[in-house]
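J.:
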Amino acid sequence: MTIPDKKTSLGLLRQMMVIRDFEETADKLSLRGKVSGGMHNSSGQEAVAVGVLSALAPLDVIATTHRSHHHTLAKGFTSREIMAELFTRSTGISGGRGASMHLGDVTKGHFGGNGIVGAGVGIAMGAALGIQQKGDKKVSVGFIGDGGMNTGRTWEAVNMAVIWKLPLIVVVDNNQYAVETFVGRVTGGGDLAKRAEGFGMKAFNIDGMDVLEVRKYVSEARERALAGEGPSFINALTYRYYGHNVGEKGQYRTQEEIDTWKSTKDPIDHFTAVVIENGYADQAAIDEMRASVRAEIEDAVAFADASPEPDISTIYDDIDSGKLGVQL
Amino acid sequence: MEEIFVPALGMAMDNAVLLEWLKQPGDQVNVGDIVAVIETDKTTLDLPAETSGVLGKHMYAVNDEVPAGNTLCVVLAPGEAEA
Ligand SMILES: Cc1ncc(C[n+]2csc(CCOP(=O)(O)OP(=O)(O)O)c2C)c(N)n1
Ligand SMILES: [Mg+2]
């Protein structure tokens, strides 16, 4: 795999570190009751988010899932505005109205997370249709979990994208579990790329722990979409280090399985080694990067904590076009 | 110093009831020892120590309602004193 230039590579590494630190910090705060409604920790899945978003242009569209902090950070939103949203503060990315599962900003191509398994691909397909209708030079990425692979609406959206040759990229953030259910136990045929191929699109099963591999496949999918060749499907195999939601400690997988993924496949450890081997950084530079990431996340928490809650007078804002005159 | 607290689990952050103290102030505790048992609206939960040390004072009594996120007690490392 060819490695990008030094600045880009160090940027990819730092972004993955930001996600890990953000998630581990937010997880602890959530257990303390600081995060309204809890959250879904994406630790372990950093390479999928950073690989995908680093291959996109700033105004390309994404639509995501209930587990979306990593996608949102990788899209370039700040740890401050995301932490503030988790704390439901007015400075949050969604004005403190959405909390963890509803991060988004359509003006910047983020069509949101949502709590409906499988919905992200449908939303992204609609955005892709809009892009095509307007003749924009953009693509739309729909993130989905392995659990969302077995819902009907996902494949309706995929089918439409194929027949209309929409600029859609479906990315399966395949952490292998839907709450307690192992993907292999509920996936007919077993091979998700083959299933997608059956709909008439280019489809790949790839290593979602390798940021450069993800980046490469998404770049190529993007080129095809911009050339009018229609949608692609990328199943990125990864692993979730924590429970499905904060505090969940299920009995559905062994500690040994978790430890093996962490010690042999960790995306940050893996790419740190690549960066050092290439002479882009030494251990001291890596330590310095980690410290600067720590400081950034601490600042985000302090910012969120100090921010006000949304004012009650704004409660009817953003629920209609503003023309209905709904007032408190 | 480790704080043992009532974790906020799930969507709602309800209170828990302290059912039982299994360790007393001044007791030596080891990693994994259950220090307290609480009851939420869904389940009873054992709260283990994640570090070894000496237990500090009980901040709540049995049958108290404790808001999620609140600390029940601390585990003091050698040389540490309670704040
Ligand atoms: C339509 C629908 N069905 C069920 C649920 C409950 N639910 C929430 S998350 C989840 C599992 C999703 O697993 P996956 O798609 O693999 O995503 P992951 O949590 O692993 O990121 C389920 C079943 C839901 N939110 N929406
Ligand atoms: Mg999953």
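Going down the list, the sequences are from chains A and B. With our numbering applied, the first sequence has no gaps in its numbers, which climb one by one up to 983 at the end. With our numbering applied, the second sequence has no gaps in its numbers, which climb one by one up to 89 at the end. In this text, a Cβ means the ideal position worked out from N, Cα and C, and glycines have one as well. Computed from a prediction, not measured in an experiment: that's the story for all the values here.
(1) Measuring only the C-alpha atoms, how far is residue 983/A from residue 846/A?
(2) Cα separation between residue 964/A and residue 853/A?
(3) When the distance is taken between beta carbons, is residue 772/A closer than 8 Å to residue 806/A?
(4) Using only Cβ atoms and a threshold of 6 Å, which residues come within that distance of a heavy atom of ligand 2? Order them by chain position.
(5) Could you give the DSSP three-state label for residue 795/A: helix, strand or coil?
(6) Would residue 860/A and residue 830/A be called neighbours here (beta carbons separated by less than 8 Å)?
(7) Compare the beta carbon distance of residue 824/A and residue 794/A with 8 Å and say whether it is the shorter of the two.
(8) Quick one: does the C-beta of residue 899/A sit closer than 7 Å to a heavy atom of ligand 1?
(9) Please classify residue 933/A: is it buried, with 16 or more other beta-carbons within 10 angstroms of its beta-carbon, or exposed?
(10) Does any residue of chain B bring its CB to less than 8 Å from the CB of residue 667/A?
(11) So is the beta-carbon of residue 722/A under 7 Å away from any non-hydrogen atom of ligand 1?
(12) What in chain B is Cβ-close to residue 753/A, meaning under 9 Å?
(13) Given a cut-off of 8 Å, decide if residue 23/B and residue 58/B are closer than it, judged by their beta-carbon atoms.
(14) Leaving out the 5 sequence neighbours to the left and right, which residues in its chain are closer than 7 Å to residue 736/A when beta-carbon positions are compared?
(15) Since residue 887/A is in the beta strand (DSSP E), which residue starts that stretch and which ends it?
(16) Quick check: is the beta carbon of residue 768/A nearer than 8 Å to any beta carbon in chain B?
(17) Can you tell me whether residue 88/B is buried or exposed? The criterion is at least 16 other CB atoms within 10 Å of its CB, across all chains shown.
(18) Exposed or buried, what is residue 715/A when buried is set at 16 or more other beta-carbons lying within 10 Å of its beta-carbon?
(19) Secondary structure at residue 859/A, three-state DSSP: helix, strand or coil?
(20) Would you say residue 695/A touches ligand 1, meaning its beta carbon is less than 7 Å from a heavy atom?
(21) Taking the alpha helix (DSSP H) that residue 54/B falls in, what are its first and last residues?
(22) Does the region 801-820 of chain A come within contact of the region 691-698 of chain A, defined as at least 3 CB pairs closer than 8 Å?
(23) Quick check on residue 48/B: buried or exposed, where buried means 16 or more other Cβ atoms within 10 Å of its Cβ?
(24) May I ask you to list the residues that DSSP assigns as paired with residue 27/B?
(25) Determine whether the beta carbon atoms of residue 775/A and residue 718/A lie at a separation below 8 Å.
(26) Hey, quick one: how far does the alpha helix (DSSP H) through residue 960/A stretch, first residue to last?
(27) Starting from residue 876/A, trace the alpha helix (DSSP H) both ways and give me its first and last residue.
(28) Using a C-beta cutoff of 8 Å, does residue 22/B count as contacting chain A?
(29) Which runs of the alpha helix (DSSP H) fall wholly inside the region 711-745 of chain A and span at least 4 residues, in chain order?
(30) Identify the contact partners of residue 13/B in chain A, using a Cβ-Cβ distance below 7 Å as the criterion.
(31) Would residue 663/A be called buried (16 or more neighbouring beta carbons within 10 Å of its own) or exposed?
(32) So residue 876/A and residue 821/A are supposed to be a Cβ contact under 8 Å. How far apart are they, rounded?
(33) So if DSSP puts residue 829/A in a beta bridge, which residue, or which two residues, is it bridged to?
(34) With a floor of 4 residues, list each alpha helix (DSSP H) that falls wholly inside the region 898-922 of chain A, ordered by position along the chain.
(35) Give me the residue from 969/A, 968/A, 750/A and 756/A with the minimum Cα distance to residue 727/A.
T.: In short, the structure shows the following:
(1) Any answer about residue 983/A is weak, because its pLDDT of 48 lies below 50 and its placement is not dependable; what the coordinates show is given next. So the two alpha carbons sit approximately 52 Å from each other.
(2) 49 Å
(3) Taking C-beta atoms as the reference points, residue 806/A and residue 772/A count as a pair closer than 8 Å.
(4) 800/A, 801/A, 802/A, 830/A, 832/A and 833/A
(5) Strand, per DSSP.
(6) Against a cut-off of 8 Å, the Cβ pair of residue 830/A and residue 860/A comes out as no contact.
(7) In this structure, residue 794/A lies closer than 8 Å to residue 824/A by Cβ.
(8) Flag set: Cβ of residue 899/A near ligand 1.
(9) exposed
(10) It does not; no Cβ of chain B falls within 8 Å.
(11) yes
(12) Ordered by position in chain B, no residue passes the 9 Å Cβ test against residue 753/A, which lies about 14 Å from the chain.
(13) no
(14) 746, 747 and 748
(15) 887-892
(16) Under the Cβ criterion of 8 Å, residue 768/A is not counted among the residues facing chain B.
(17) exposed
(18) Label assigned to residue 715/A: buried.
(19) strand
(20) yes
(21) Here residue 54/B belongs to no alpha helix (DSSP H); instead the beta strand (DSSP E) covers 50-54.
(22) no
(23) exposed
(24) 42/B
(25) yes
(26) 938-961
(27) Note, residue 876/A: alpha helix (DSSP H), 866-881.
(28) no
(29) 724-729 and 734-741
(30) 686 and 902
(31) exposed
(32) Rounded, the Cβ-Cβ distance is 12 Å, inconsistent with contact.
(33) Residue pairing for residue 829/A: DSSP places it in a beta bridge opposite 892/A.
(34) 910-920
(35) 756/A
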